[in-house]
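A quick write-up on the structure given underneath.
Chains as they are written, first to last, in the numbering used here: chain A, 1 to 370; chain W, 1 to 286.
Encoded structure:
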């Protein structure tokens, strides 16, 4: 287990700055910091790695979303970082995420003592990252029309759309590939094909579980809670409630805007954690802080942010917060691609081998397991 | 650069002033600013920052209840940056010193805050292959005694120039020249306003250093690039003119172990900073 840790931030004007350290007696010099930075730059990869710098045995962590930050855990001499790899990565993730939103709330000692971690992205968070990456979102739209397309052709199309030279299709499509929405495979010797494996639908659903719980165990809260949710989804006429099925082909559609905003909340780990615990039942700030291991101040701020997006609601006369709407991202099999594949084979846009492989991929992902 | 900062009260009285550069006809300027403040008190700027050009300077002003804040800056300065600094100063003053000013007490500690806001930071990167004298150049600029043992730089060594130049803190980045650290160079010269490419004035090293010029021009196209023909005391040294021709950048002679070159080098950096500013795009007129 680490006996200490420090957080280093790269600044274009001041170089490497130690932003946090524990214990205070930990001494670091410019050369050591430079070596740590150099090793990370040289390796190129992100995540956790082992470094021996001066007399220190370090496990140092970097996060792809925060390239200027390095969290270094001080291990015992000869201690193998792999033994606690998951824990160290989780703590590293927690530290970089928190230091970027509330630097004053980062307490390294507490994090090490209580082993506070941040889990890796959940499935729905991965799907959410698609809609907060504009090029990934337009690529998904294109793939909904094409089903399967040559990577080179897609790359050209995207370059024209975004007017950007030197686009790396794999980089742009990263949220789609990581969430399993797209798959890239080499077909034959020269063709690299991109397949649409899943489609994604966003909507807000009523927080059924939390309402059920409040009806059973919190009757004084339940009435106001149900009234709020009812008003959002089906208010009395002539008001119109929430309707996720209105056409969203207009880029200015409120549904598209809502999907983007809410996806940003889902993709944010602290917002997601809090939203996720409220799916089960209404809770007070202190209860949420206790369950999530997040500082009270942060929980309060996140709840306000979720409230302004109509995701949470503060129940009057109590200290409870509840989920007002449950943001949901569901993936489904894109059945509509079947006639597209058929047409493409007939018109010789794709080979029979590509079509066969596409059907195999769909069966692998969506077929019933024997 | 920000040349001076003034805060005037409701009666157009001078509440605070700080000058960072010598001002010709200072009294006339103050008189002008007092008149300007009287005029501004009669119009509504809706809390916005406005500016006007006066000779080579640009006067930025913002009016808040009871006070008018005025920054005198160079015309070539980035308008948005100066406006940001005006806002920062207004914010700090009203939050921490407004009550002292209104009760006529001395604004203790305000000078430091003004310096923090008005004094800018300029990054000067010193780049070159191993052993050409980059760290010696850094020591020379800092007026330090040379260490007796050569200790190769690891990654980068970042030090401040002891004195301010053109109202800016100069941060010197002495980049490690060993080839294994070359992967860091592009990242480390980011945001540099001036890049000094140091050569040891041998033909072989100067030819190799052409690569560095290309790298700098690609990575920081807005930076001023200057060449240093170091080790001019050695018999094999190419002349600074010849080094400059090969590198195709303005190049100056140096003997980094000779302290008498210090002032000259600082003047070269000062000139590069000023030229860099002058070449910056003119801000849109309002």
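Glycine included, each C-beta is placed from N, C-alpha and C at the ideal position.
Residues of the stretch 4-27 of chain A with a Cβ closer than 9 Å to any Cβ of chain W, in chain order: 10, 12, 13, 14, 15, 16. In this structure, the straight-line span from the alpha carbon of residue 298(A) to that of residue 102(A) is close to 7 Å. Using a Cβ-Cβ distance cut-off of 8 Å, the stretch 28-39 of chain W and the stretch 92-110 of chain W are not in contact, since fewer than three pairs of beta carbons, one from each stretch, lie closer than that value. By the CB criterion at 7 Å, residue 18(W) and residue 5(W) fall inside the cutoff. Looking at 268(W), 36(W), 56(W), 55(W), the one whose alpha-carbon comes closest to that of residue 165(W) is 268(W). Taking the beta carbon of residue 66(A) as reference, no residue of chain W falls within 7 Å; the closest one sits roughly 15 Å away.
The Cβ of residue 52(A) sits no closer than 7 Å to any Cβ of chain W. Here residue 258(A) is buried, its C-beta having at least 16 other C-beta atoms within 10 Å. The beta carbon of residue 233(W) sits closer than 7 Å to those of 255, all from its chain and outside the five residues before and after it, given in chain order.
In this structure the stretch 200-219 of chain A touches the stretch 232-248 of chain A; the number of beta carbon pairs closer than 8 Å is three or more. No Cβ-Cβ contact shorter than 7 Å links residue 132(A) with residue 322(A). Neighbourhood of residue 31(A) in chain W, by CB distance below 7 Å: 154, in chain order.
For residue 58(A), no chain W residue has a Cβ inside 9 Å of its Cβ, as the nearest lies near 16 Å away. Nearest Cα to residue 228(W) within the set 220(W), 221(W), 235(W), 240(W): 240(W).
Note that the stretch 209-218 of chain W touches the stretch 185-195 of chain W; at least 3 beta-carbon pairs, one per stretch, sit closer than 8 Å. In summary, residue 120(A) is exposed, with fewer than 16 beta-carbon neighbours lying within 10 Å of its beta-carbon over all protein chains present. Runs of beta strand (DSSP E) with 3 or more residues, each lying fully within the stretch 48-117 of chain W, are found at 50-54, 57-64, 67-74, listed in chain order. Rounded to whole angstroms, residue 336(A) and residue 163(A) show a C-alpha spacing of 30 Å.
DSSP places residue 13(A) in no alpha helix (DSSP H); its state is neither H nor E. Per DSSP, the beta-bridge partners of residue 47(A) are 62(A). Collapsing the DSSP output to three states places residue 222(W) in coil. Per the coordinates, the alpha-carbon of residue 38(W) lies some 8 Å from the alpha-carbon of residue 10(W). Within the stretch 130-178 of chain W, the complete alpha helix (DSSP H) segments of 4 residues or longer fall at 134-142, listed in chain order. Nearest C-alpha to residue 112(W) among 92(W), 199(W), 46(W): 92(W). Interface residue (Cβ-Cβ distance to chain A less than 7 Å): residue 122(W) is not classified as such.
In the same chain as residue 191(A), and ignoring 5 residues on each side of it, the C-beta atoms closer than 7 Å to its own belong to 150, in chain order.
Boundaries of the alpha helix (DSSP H) harbouring residue 305(A): 296-308, taken from the DSSP string. With its beta carbon less than 7 Å from one in chain A, residue 183(W) belongs to the interface. The three-state reading of DSSP puts residue 255(A) in helix, counting H, G and I together. Under the Cβ distance rule, residue 38(A) counts among the residues neighbouring chain W, one pair being separated by less than 7 Å. Taking the C-beta atoms as reference points, residue 49(W) is found nearer than 7 Å to residue 60(W). When the Cα atoms are used, residue 146(W) and residue 51(A) turn out to be separated by approximately 32 Å. Bounds of the beta strand (DSSP E) holding residue 121(W) are 120-127. Between residue 98(A) and the set 63(A), 53(A), 141(A), 197(A), the nearest pair of CA atoms involves 63(A).
With a beta-carbon spacing of about 15 Å, residue 282(A) and residue 289(A) fall beyond the 8 Å limit used to define contacts. Nearest CB-CB separation between residue 158(W) and chain A: below the 7 Å threshold.
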